[in-house]
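Chemist: Residue numbers (the numbering used here), protein chains in the order written: chain D, 1 to 222; chain V, 223 to 444. Using N, Cα and C, we set each Cβ at its ideal position, and we do this for glycine too. One structure coming up, written as structure tokens, with questions to follow.
There are 2 protein chains.
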Amino acid sequence: MDKVRVIEVKQSVFANNDAHADRLRRELKAQKTFLINLMSSPGAGKTTTLKRTIADLKDEMRIGVMEADIDSTVDAEAIAAAGAKAIQLHTGGMCHLDAAMTEQGLKEIGAEDFDLVVLENVGNLVCPAEFDTGAAKNVAILSVPEGHDKPLKYPLMFQVCQALLINKIDVLPYFDFDMDKVVSYAKMRNPDIKIFPVCAKTGEGFPAWENWLRQQTTAWNG
Amino acid sequence: MDKVRVIEVKQSVFANNDAHADRLRRELKAQKTFLINLMSSPGAGKTTTLKRTIADLKDEMRIGVMEADIDSTVDAEAIAAAGAKAIQLHTGGMCHLDAAMTEQGLKEIGAEDFDLVVLENVGNLVCPAEFDTGAAKNVAILSVPEGHDKPLKYPLMFQVCQALLINKIDVLPYFDFDMDKVVSYAKMRNPDIKIFPVCAKTGEGFPAWENWLRQQTTAWNG
Numbered sequence: 001m002d003k004v005r006v007i008e009v010k011q012s013v014f015a016n017n018d019a020h021a022d023r024l025r026r027e028l029k030a031q032k033t034f035l036i037n038l039m040s041s042p043g044a045g046k047t048t049t050l051k052r053t054i055a056d057l058k059d060e061m062r063i064g065v066m067e068a069d070i071d072s073t074v075d076a077e078a079i080a081a082a083g084a085k086a087i088q089l090h091t092g093g094m095c096h097l098d099a100a101m102t103e104q105g106l107k108e109i110g111a112e113d114f115d116l117v118v119l120e121n122v123g124n125l126v127c128p129a130e131f132d133t134g135a136a137k138n139v140a141i142l143s144v145p146e147g148h149d150k151p152l153k154y155p156l157m158f159q160v161c162q163a164l165l166i167n168k169i170d171v172l173p174y175f176d177f178d179m180d181k182v183v184s185y186a187k188m189r190n191p192d193i194k195i196f197p198v199c200a201k202t203g204e205g206f207p208a209w210e211n212w213l214r215q216q217t218t219a220w221n222g
Numbered sequence: 223m224d225k226v227r228v229i230e231v232k233q234s235v236f237a238n239n240d241a242h243a244d245r246l247r248r249e250l251k252a253q254k255t256f257l258i259n260l261m262s263s264p265g266a267g268k269t270t271t272l273k274r275t276i277a278d279l280k281d282e283m284r285i286g287v288m289e290a291d292i293d294s295t296v297d298a299e300a301i302a303a304a305g306a307k308a309i310q311l312h313t314g315g316m317c318h319l320d321a322a323m324t325e326q327g328l329k330e331i332g333a334e335d336f337d338l339v340v341l342e343n344v345g346n347l348v349c350p351a352e353f354d355t356g357a358a359k360n361v362a363i364l365s366v367p368e369g370h371d372k373p374l375k376y377p378l379m380f381q382v383c384q385a386l387l388i389n390k391i392d393v394l395p396y397f398d399f400d401m402d403k404v405v406s407y408a409k410m411r412n413p414d415i416k417i418f419p420v421c422a423k424t425g426e427g428f429p430a431w432e433n434w435l436r437q438q439t440t441a442w443n444g
């Protein structure tokens with residue numbers, strides 16, 4: 001396996017991250033690259049979810065992955081092994097990515113060569129939700145062991161996401177996790193949010209999530 | 223139950239948070255208040271751990287809790303119900319607490335009336351680790367479902383903590399979690415870290431953790 005490329009990304013020098021993100025989104029639309037910004041707590045299963053999604057979709061679309069991390073390359077190595085092009089973005093201790101950091105990554109990976117690029121954001125339910133990365137869609141993963149109260153405690157994350165994967169449903173019997181409650185709490189934050197209960201380890205629930213991703217990618221890339 | 227008091231805390235105006243934290247620590251030492259800064263990912267079990275710890279120790283020491291949260295009072299209500307005095311600190315979207323924010327909370331709770339004050343930091347493995355709050359000791363909770371690789375991916379958190387609780391050991395059979403690995407990864411970051419495998423739901427492992435907390439509190443308060 002090739003050594004994973006590591007990019008040290010720097011925060012925006014522009015005061016207005018939102019304007020930067022909007023410009024980036026227009027450029028991605030013009031070049032037909034669908035960018036999703038994938039966010040979750042540490043250990044909710046972002047990398048495992050991505051590995052399975054890549055394995056299932058890699059023959060029908062060109063997928064690139066940008067792995068953001070404080071400082072390690074474990075995720076990018078796992079993604080590269082799953083068969084997608086992956087680069088690692090090091091944030092130098094920053095807890096989120098902004099549009100400028102995302103743009104540096106897109107340039108390095110050569111985003112124009114991909115139908116779908118996934119930005120795996122830093123594992124954190126707070127800061128990443130505050131910064132528009134320029135992604136077409138935001139997707140969050142909440143895992144069953146974290147508890148169904150998280151949309152109450154981290155409102156912005158659920159408000160800014162268009163899709164929510166409820167991961168690790170295989171361990172539902174061992175946790176006090178109320179699926180009806182989490183759905184209702186998430187919809188309090190965003191009534192239009194699409195919710196997909198899944199298990200990244202077994203693949204349960206993945207067809208619905210992958211259909212959504214396929215439709216969104218096709219709609220964006222026209 | 224009394225309505226929980228909510229304090230809106232503001233970030234330090236001082237450039238030097240470390241100096242502020244050191245001054246706060248000296249004041250806490252002089253007034254015999256042992257402050258611990260409790261950190262973890264969202265959903266790792268900080269509040270459940272605290273509730274059990276309070277129930278077990280409340281007859282031998284005076285315990286106060288400051289619950290930091292983006293914006294809700296669910297945790298402070300749970301702690302108050304468990305029998306400790308609790309206040310809620312709202313960070314106004316900030317992902318961490320600094321020494322100034324902590325000091326505002328200590329003033330509001332009346333820290334001099336307590337032998338032990340626990341600051342439950344914002345659920346986040348990144349930002350809280352970067353700011354000295356003035357606490358005598360930092361304690362992290364990592365839960366089994368998050369995975370044993372977290373000390374590799376969030377190095378600073380494990381480096382700055384003197385104690386680490388590995389929570390939710392009751393679900394070890396359902397996860398690929400390697401206890402030997404997590405111990406060795408955590409000790410890579412901090413060779414002196416004390417590690418306590420526990421289950422906050424059942425109380426397994428709590429005597430060792432509570433002994434440590436009791437010894438540390440006594441040593442600090444002299």
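1) Assign Glu204(D) to one of two classes, buried (16 or more other C-beta atoms within 10 Å of its C-beta) or exposed (fewer than that).
2) Please report the straight-line C-alpha distance between Phe175(D) and Val144(D), rounded to a whole angstrom.
3) Name, going along the chain, the residues of the stretch 110–139 of chain D whose beta-carbon falls closer than 8 Å to a beta-carbon of chain V.
4) By the DSSP assignment, the beta strand (DSSP E) with Ala163(D) in it spans what residues?
5) So who's on the other strand from Ser143(D), going by DSSP bridges?
6) Does Lys187(D) come within less than 7 Å of chain V when only Cβ atoms are used?
7) Alpha carbon to alpha carbon, how far is Ala136(D) from Ala252(V)?
8) From Asp400(V) to Gly45(D), what distance separates their C-alpha atoms?
9) Report all residues from its chain with a CB closer than 8 Å to the CB of Thr202(D); omit the five preceding and five following residues, and keep chain order.
10) Determine the chain D residues that contact Gly369(V) at a beta-carbon separation under 7 Å, and present them in chain order.
11) Check Phe238(D) in the structure and name its three-state DSSP category.
12) Using alpha carbons as the reference points, say which of Ala111(D), Gly93(D), Asn17(D), Trp212(D) lies closest to Leu57(D).
13) Anyone know if the C-beta pair for Phe380(V) and Asn343(V) falls short of 7 Å?
14) Using a threshold of 7 Å, state whether the C-beta atoms of Leu341(V) and Asn259(V) are closer than that.
15) By the DSSP assignment, the beta strand (DSSP E) with Asn37(D) in it spans what residues?
16) Does His90(D) come out as helix, strand or coil in the three-state DSSP assignment?
17) Compute the Euclidean distance between the alpha carbons of Val382(V) and Asp371(V), then round it to the nearest angstrom.
18) Cβ of Cys317(V) less than 7 Å from any chain D Cβ?
19) Is the Cβ of Lys181(D) closer than 7 Å to any Cβ of chain V?
20) Out of Gly83(D), Thr218(D), Gly105(D), Ala81(D), point me to the one whose CA is closest to Glu67(D)'s CA.
21) Strictly below 7 Å CB to CB, what residues from chain B border Ser365(V)?
22) Secondary structure at Pro191(D), three-state DSSP: helix, strand or coil?
23) Quick one: which residues of the stretch 268–283 of chain V get their C-beta closer than 9 Å to a C-beta of chain D? List them in chain order.
Modeler: According to the structure data:
1) Numbered from 1 along the first sequence, position 204 holds the residue referred to as residue 204(D). Glu204(D) is exposed by the Cβ-count criterion.
2) Position 175 of the first sequence, counting from 1, holds the residue named residue 175(D). Position 144 of the first sequence, counting from 1, holds the residue named residue 144(D). Distance between the alpha carbons of Phe175(D) and Val144(D): 7 Å.
3) Val122, Gly123, Asn124, Leu125, Val126, Cys127, Glu130
4) Position 163 of the first sequence, counting from 1, holds the residue named residue 163(D). It spans 163–167 - the beta strand (DSSP E) in which Ala163(D) sits, taken as one unbroken run.
5) Within the first sequence, the letter at position 143 stands for residue 143(D). Asn167(D).
6) To locate residue 187(D), count along the first sequence from 1; it is residue 187. Judged by the 7 Å Cβ criterion, Lys187(D) is not in contact with chain V.
7) Along the first sequence, one-based indexing puts residue 136(D) at 136. Along the second sequence, one-based indexing puts residue 252(V) at 30. Their backbone Cα atoms lie some 54 Å apart in a straight line.
8) By 1-based counting over the second sequence, the position of residue 400(V) is 178. By 1-based counting over the first sequence, the position of residue 45(D) is 45. Roughly 17 Å between the two C-alpha positions.
9) Counting from 1 along the first sequence, the entry for residue 202(D) is found at position 202. Hits under 8 Å: Asp170.
10) Position 147 of the second sequence, counted from the start, is the residue given in the question as residue 369(V). Those within 7 Å of Gly369(V) in chain D are Gly43.
11) The structure shown does not extend to residue 238(D), since chain D spans only 1 to 222, so no value can be given for it.
12) Position 57 of the first sequence, counted from the start, is the residue given in the question as residue 57(D). Taking the Cα of Leu57(D) as reference, the smallest distance to any Cα among Ala111(D), Gly93(D), Asn17(D), Trp212(D) is reached at Trp212(D).
13) Stepping through the second sequence from its first residue, residue 380(V) is reached at position 158. Stepping through the second sequence from its first residue, residue 343(V) is reached at position 121. No.
14) Indexing the second sequence from 1 puts residue 341(V) at position 119. Indexing the second sequence from 1 puts residue 259(V) at position 37. Cβ distance < 7 Å, so Leu341(V) and Asn259(V) count as in contact.
15) Within the first sequence, the letter at position 37 stands for residue 37(D). 34–40 is the span of the beta strand (DSSP E), which, as asked, contains Asn37(D).
16) Numbered from its first residue, the first sequence carries residue 90(D) at position 90. The answer is strand: DSSP assigns His90(D) an E or B state.
17) Stepping through the second sequence from its first residue, residue 382(V) is reached at position 160. Stepping through the second sequence from its first residue, residue 371(V) is reached at position 149. Taking the straight line joining both Cα atoms gives about 17 Å.
18) Here residue 317(V) is taken as the residue at index 95 of the second sequence, counted from 1. Chain D, which has a Cβ nearer than 7 Å to the Cβ of Cys317(V), makes this yes.
19) Translated into the one-based positions of the first sequence, residue 181(D) becomes position 181. Not an interface residue.
20) Sequence index remark: in the first sequence, residue 67(D) carries index 67 (1-based). Closest option to Glu67(D), judged by alpha-carbon separation, among Gly83(D), Thr218(D), Gly105(D), Ala81(D): Gly105(D).
21) Going by chain labels, chain B is absent from the structure shown, which instead holds the protein chains D and V.
22) Translated into the one-based positions of the first sequence, residue 191(D) becomes position 191. Pro191(D) falls in the coil class under three-state DSSP.
23) Hits within the stretch: zero.
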